[in-house]
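Residue numbers for the sequence shown follow the numbering used here, so the first one is 178 and each next one is one higher.
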Amino acid sequence: MDFSAFQVPLLDSVGSPLTLGGLFLLLWSQWKYPLRYQHFAPLRRIARNLVFAAPAFLVLRLLLIPIPLWAATWAAQHNFGLFHWLPLPAVLSGVLGIVLFDYAYYWWHIASHRAPLLWRFHNVHHTDLDMDVSTATRFHFGELLFSVIWRTAFVFVTGIAPLTLIVFEILFECAAQFHHSNWRLPLGIERPLNRIFVTPRMHGVHHSIVQRETDSNWGTIFSWWDKLHHSLHIDIPQDAITIGVPA
């Protein structure tokens, strides 16, 4: 097999430095300005999360990115999909593609909690009993394998451009790192930021052991979807949240 086919230049040249740099920045920020008290030794937790991350990363680079990217390339070559049928400027199609993809992820996230088979894999993400930036890497590779299917279907239906797909992936990974971090942003910054984006305080509620709190704040990049569907729940003090799996 020619593994050069799986090299994604933009993801490697821009995405990798951003996510790696973001990881170290957020590790420092959450150590300097912690949002919630950490109950377990952080280095041991981070090491355990990275063990989960290793096979998930392989699925990400060998399947989850290349297969939808192939679908996007095929759709572009054959003028197939919604964005190829609508007379929209390329920039507008790209922006709408990112927004629509994030909205699709809102529903996929709900499905990963509601469908028993998907929850068996997604549950691994929620069994981290503290939450910080390393939790963003704690996913079972099986969950990512299922994601390949729906992502590829989404690409075929919408005809999202290959460049848009890569830009979305970079934004998605950076957003996941940010909102999983244990970084205590000043409220004067986080509150206006949360009007558009998912923030650490918002996503911390989703990782609560209280079921009604877990069943909220499903967004990944944008907080709009939770506001639209009345699933936004941000009035919980962070020191009142116990991170883990609902009983």
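Even glycine gets a Cβ: it sits at the ideal position worked out from N, Cα and C.
If you're wondering where the values come from, they're calculated on a predicted model, not measured in any experiment.
Same chain, Cβ closer than 8 Å to residue i, neighbours up to 5 away in sequence not counted
i, result
"I420", "R213, D305, L306, D307, M308, G381, H384, S385, I386"
"S393", "V382, H383, D403, S408, L409, H410"
Close beta carbons around residue i, own chain, < 7 Å, minus the five adjacent residues each side
i, result
"L259", "V334, T335, G336"
"F217", "L306, D307"
"L237", "L321"
"Y280", "W402"
"I373", "F399, S400"
Where residue i sits in the DSSP three-state scheme
i, result
"W360", "strand"
"I420", "strand"
"P414", "coil"
"F374", "strand"
"P264", "coil"
"M178", "At M178, the pLDDT of 39 sits below 50, so the modelled position is not reliable and the matter cannot be decided from this model."
Separation of residue j from residue i, as counted between CA atoms
i, j, result
"V191", "F201", "16 Å"
"V422", "P339", "36 Å"
"V301", "P264", "43 Å"
"I343", "G271", "11 Å"
"P369", "H286", "24 Å"
"T196", "F349", "10 Å"
"H357", "I244", "27 Å"
"S311", "L405", "29 Å"
"V185", "F399", "25 Å"
"P414", "N371", "16 Å"
"R225", "L277", "33 Å"
"R221", "W262", "51 Å"
"L273", "R389", "31 Å"
"V268", "I242", "22 Å"
"R291", "G365", "35 Å"
"S193", "A231", "15 Å"
"D189", "W327", "24 Å"
Nearest residue (CA-CA) to residue i, options the options
i, options, result
"L295", "E320, Y280, A313, I275", "E320"
"T329", "L197, A248, P194", "A248"
"A352", "L203, H303, P186", "L203"
"F229", "P211, A253, A313", "A313"
"L235", "V325, T341, G274", "V325"
"L409", "Y283, H317, P363, P293", "Y283"
"P363", "F298, P211, T250, Q254", "P211"
"E346", "R378, T397, W360, E367", "T397"
"N359", "P266, L188, S193, K209", "K209"
"R377", "V268, H299, S206, N256", "The sequence as given places Pro at residue 377; Arg does not occur at that position. Cα-wise, what sits closest to P377 is S206."
"W251", "F318, V332, P219, I366", "V332"
"I418", "D189, Q215, L188", "Q215"
6 Å Cβ shell around residue i - same chain, five flanking residues per side excluded
i, result
"G199", "C351, Q354"
"V375", "H356, G396, S400"
"S289", "L295, H299"
"R315", "N226, F229, H302, D305"
"A233", "F316, F318, L321"
Contact with chain D by residue i, beta-carbon distance below 7 Å
i, result
"V228", "Any reference to chain D falls outside this structure, which holds one protein chain only."
- Any alpha helix (DSSP H) of 4 or more consecutive residues that is wholly inside the stretch 269-335: 293-303, 318-335
- Starting from the N-terminal side, write out each stretch of the alpha helix (DSSP H) that is 4 residues or longer and does not extend beyond the stretch 185-261. 193-209, 219-236, 243-254
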